[in-house]
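Under the numbering used here, the first residue of the first sequence carries the number 490, and numbering increases by one thereafter. Here is the structure we will look at, set down as structure tokens.
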Amino acid sequence: MPDKSDKVRVRFAPSPTGYLHIGGARTAVYNWLFARKHKGSFILRIEDTDAERSTTDSIEGILDGLKWLGLDWDEGPYFQSANINAHKKAAEHLIETGHAYKCFCTKEDLDMKREAAKTSKQPYKYDRNCRKLSAKEAAENEASGIPCVVRFKVPDREGALVFNDLVYGPIERHYDDIEDFVILRSDGSPLYLLSNAVDDINDGITHVIRGQDGLANTPRQILIYEALGARLPEFAHMPLTLDLKKQKISKRTHGEVVAVQFYREHGFLPWALVNFLVLLGWHTPDDREIFTRDELIAAFSLDGISRANSIFNYRPGDPKFFTDPKALSINARYIKELPVEEIAWQIKDKLKEAGLYDTQYDGAKRQWFLDTLNLLRVRYHTLNDFVTLGRPYFSDEFQIDQKALNKNILKYPEVKDWLPQLAEALSRLPTWGAAETEAAIRGFIDKTGAGSGVIINAVRTVVTGQAVGPGLFECLAAIGKERVTTRLKNMPNLVMA
RNA sequence: GUCCCCGUCGUCUAGCCAGGUCAAGGACACAAGCCUUUCACGCUUGCGACACGGGUUCAAAUCCCGUCGGGGACGCCA
490 MPDKSDKVRV RFAPSPTGYL HIGGARTAVY NWLFARKHKG SFILRIEDTD
540 AERSTTDSIE GILDGLKWLG LDWDEGPYFQ SANINAHKKA AEHLIETGHA
590 YKCFCTKEDL DMKREAAKTS KQPYKYDRNC RKLSAKEAAE NEASGIPCVV
640 RFKVPDREGA LVFNDLVYGP IERHYDDIED FVILRSDGSP LYLLSNAVDD
690 INDGITHVIR GQDGLANTPR QILIYEALGA RLPEFAHMPL TLDLKKQKIS
740 KRTHGEVVAV QFYREHGFLP WALVNFLVLL GWHTPDDREI FTRDELIAAF
790 SLDGISRANS IFNYRPGDPK FFTDPKALSI NARYIKELPV EEIAWQIKDK
840 LKEAGLYDTQ YDGAKRQWFL DTLNLLRVRY HTLNDFVTLG RPYFSDEFQI
890 DQKALNKNIL KYPEVKDWLP QLAEALSRLP TWGAAETEAA IRGFIDKTGA
940 GSGVIINAVR TVVTGQAVGP GLFECLAAIG KERVTTRLKN MPNLVMA
């Protein structure tokens, strides 16, 4: 058990896959939060021993995701592959101290036994054949060139190995149920269980916070710690995130939605994603849901992690929700409630990508820019909405929504005549603002006897391309006299086309 | 199959450890109404869950047992 005085050291140890998986990101978030909360260190270690998957690009994908989320690490990235010698040495040490032994059973042999056990519905466990070999016999085997693996010698003890998981509580595993597992392959390379434990020891990890799929490995790793005479870290396993069918979420079956990068591309604020992810299987005593970074760090505790797996509520092909609705709603809330300046630079990036950014938004038109974002953001859900739905505010090239056209324009043939007339009236306004345009339009309505809803909705459709949006007069004020009058004048072309 | 873990509204969850204040609370989603020139804005209301069966108890979502359901682990993968 680590001393209370010890500085907390946690790690996130992904294997490189080219992108950061949201499940992995959640694990990273919990570790990062725990480190920050306890003023400890958050260490990044890449478990890259599966060589062919570990390219520079696939590692970069992970780092990129973490950086975007704002999960800064204090040490690393370390690479597991760099420590292979240490892992081998640990295995040798285990053999010398009688905690491991060489096993000459062939893979084919073991496969057969495993298969036989399966067909006869018997539980399979390695029969410890080579454990009984004398030192002399082992040496002879080796001398005659028979390949061997190294197995860990599970102690012959009565009862069960018990450890206290910080999330799941006491976990028991009978020694009888643990088989002598392989720690070194026949080519001498180390296996995950060993490497992982040795690295954690070397990195001085005090708390192993990882997915529940590591829970069943823990007893074996504890045995390695013991045999190596290392101090045990605390373990905290977190529930998994599954899909609606209770399957693990993966890029293979679910596509890009499981990748953190997807959320950047789709207009998420990184912190909104973090906030969503942290809520998947964790809560505060007072059930708060929205946190600033500092609030979250202060509020975070392993106690709040639940034990049941949670579900990522993603319905493929849903036209309205391209990801979990709760994630979208949290994102929308941040877009709505953050100080505008904080979202403005991120919207700038999006507008630039779309070729819609005017450098004056940083200068003379700064105030207009911020006011317009304020006007729009109340009903937007993602940053991308500013370049799609918000396009008519920044550009003259935009599509008119077909439904809006049918409903607000084509249904009323008279508007074809009215709108250009209205454009005339508006163009004569000496000053341009919501109050002025409202007065002018209401005056026009009185004069022509047109329905106010008809005119207002028609104007909205022509000027913004949509049937929905903020109050019309504020829209007009934001879009500006020039653009508004031009769009109204050109309106009959729309009907022709 | 064996071992381990889990099981409250559609989803995230509160409550469970220290049984009564829970005819089970919040959030998201959904529905209706209101507002309004419109809406994926706002406001109000509504719909909706203790997996099942036993037991203990004056009293059980909360404790015990069983059943069922789900997940994970059982590799010379990580």
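From the three backbone atoms N, C-alpha and C, an ideal C-beta is built for every residue, glycine too.
According to the neighbour-count rule (16 or more other Cβ atoms, all chains shown, within 10 Å of its Cβ), is THR861 buried or exposed? Within the first sequence, numbered from 1, the residue matching residue 861 stands at position 372. Result: buried.
Please classify THR544: is it buried, with 16 or more other beta-carbons within 10 angstroms of its beta-carbon, or exposed? Taking the first residue of the first sequence as 1, we reach residue 544 at position 55. The residue in question, THR544, is exposed, as its Cβ has fewer than 16 Cβ neighbours within 10 Å.
4 or more residues per run - each alpha helix (DSSP H) lying fully within the segment 774-820: 782-788
Assuming ARG719 and ILE690 form a contact by the criterion Cβ under 8 Å, report the distance between their Cβ atoms to the nearest whole angstrom. Here the question's residue 719 lines up with position 230 in the first sequence. Here the question's residue 690 lines up with position 201 in the first sequence. Note that residue 719 is Ala in the sequence shown here, rather than Arg. The pair is a contact, with the Cβ atoms about 5 Å apart (cut-off 8 Å).
Taking C-alpha atoms, which residue in GLN701, GLY879, GLY550 and LEU721 lies nearest to THR730? Position 241 of the first sequence, counting from 1, holds the residue named residue 730. Per the Cα distances, GLN701.
Below 8 Å CB to CB, which residues in the same chain sit around HIS743 once its five sequence neighbours on both sides are set aside? As a first step, residue 743 is located in the first sequence; it is residue number 254 there, counting from the start. Once the five neighbours on either side are set aside, the close Cβ partners of HIS743 are ASP732, TYR803 and PRO805.
Does the separation of the CB atoms of ALA716 and HIS588 fall below 7 Å? Here residue 716 refers to the residue found at position 227 of the first sequence. Here residue 588 refers to the residue found at position 99 of the first sequence. Contact flag set, yes.
For GLN710, does the count of other Cβ atoms within 10 angstroms reach 16, so buried, or fall short, so exposed? Numbered from 1 along the first sequence, position 221 holds the residue referred to as residue 710. Buried: at least 16 other Cβ atoms inside 10 Å.
Using 8 Å as the cut-off, can you tell me whether the segment 887-897 makes contact with the segment 947-964, which would need three or more C-beta pairs spanning the two stretches below that distance? yes
ALA947 classed as buried or exposed, judged by whether at least 16 other C-beta atoms fall within 10 angstroms: Within the first sequence, numbered from 1, the residue matching residue 947 stands at position 458. Buried.
Based on DSSP bridge pairs, tell me the residues matched to VAL643. In the first sequence, the residue the question calls residue 643 occupies position 154. Partner(s): none; VAL643 has no beta bridge.
Identify whether VAL725 lies in helix, strand or coil by the three-state DSSP scheme. Numbered from 1 along the first sequence, position 236 holds the residue referred to as residue 725. In the sequence as presented, Val is not what sits at residue 725; that position holds Ala. ALA725: strand per DSSP, three-state reduction.
To which residues of the same chain is ASN574 closer than 6 Å at the C-beta, ignoring the five residues directly before and after it? The residue you call residue 574 lines up with position 85 of the first sequence. No residues qualify anywhere along the chain.
Taking the CB atoms as reference points, tell me whether LEU560 and ALA517 lie closer together than 7 Å. Counted from its first residue, the first sequence places residue 560 at position 71. Counted from its first residue, the first sequence places residue 517 at position 28. Cβ atoms of LEU560 and ALA517: closer than 7 Å.
I'd like to know if the segment 492-511 and the segment 526-534 are in contact, where contact means that at least 3 CB-CB pairs between them fall below 8 Å. yes
Identify every residue that forms a DSSP beta bridge with LEU650. As a working note, residue 650 is residue 161 in the first sequence. In the DSSP output, where bridge partners are listed per residue, LEU650 has ARG662.
Touching or not, the segment 608-623 and the segment 648-663, by the rule of three or more beta carbon pairs under 8 Å? no
Keeping to the same chain, check which residues put their C-beta closer than 8 Å to that of ASN572; ignore five residues upstream and five downstream. On the first sequence, residue 572 is found 83 positions in, with the first residue counted as 1. So the list reads SER684, VAL687, ASP688 and ASN691, once near-sequence residues are dropped.
Bridge partners for ALA748 per DSSP, in chain order? Taking the first residue of the first sequence as position 1, residue 748 is located at position 259. The partner list for ALA748 (beta bridge, DSSP) reads HIS510.
Could you pull out every residue in the same chain whose Cβ sits closer than 6 Å to the Cβ of ALA893, ignoring the five residues on either side in sequence? Stepping through the first sequence from its first residue, residue 893 is reached at position 404. Only THR950, GLN955 and ALA956 meet the Cβ criterion.
Which class does MET490 belong to by DSSP, given the choice of helix, strand or coil? Within the first sequence, the letter at position 1 stands for residue 490. Note that MET490 scores 46 on pLDDT, short of 50, meaning its location in the model is unreliable; the coordinates nonetheless yield the value given after this. Note: MET490 maps to coil in three-state DSSP.
Can you give me the start and stop residues for the alpha helix (DSSP H) that ARG699 sits inside? Along the first sequence, one-based indexing puts residue 699 at 210. Per DSSP, ARG699 belongs to no alpha helix (DSSP H); it is in the beta strand (DSSP E), 696-700.
Considering only their Cβ atoms, is the gap separating ILE819 from PHE765 smaller than 7 Å? As a position in the first sequence, residue 765 is number 276, starting the count at 1. As a position in the first sequence, residue 819 is number 330, starting the count at 1. Contact flag set, yes.
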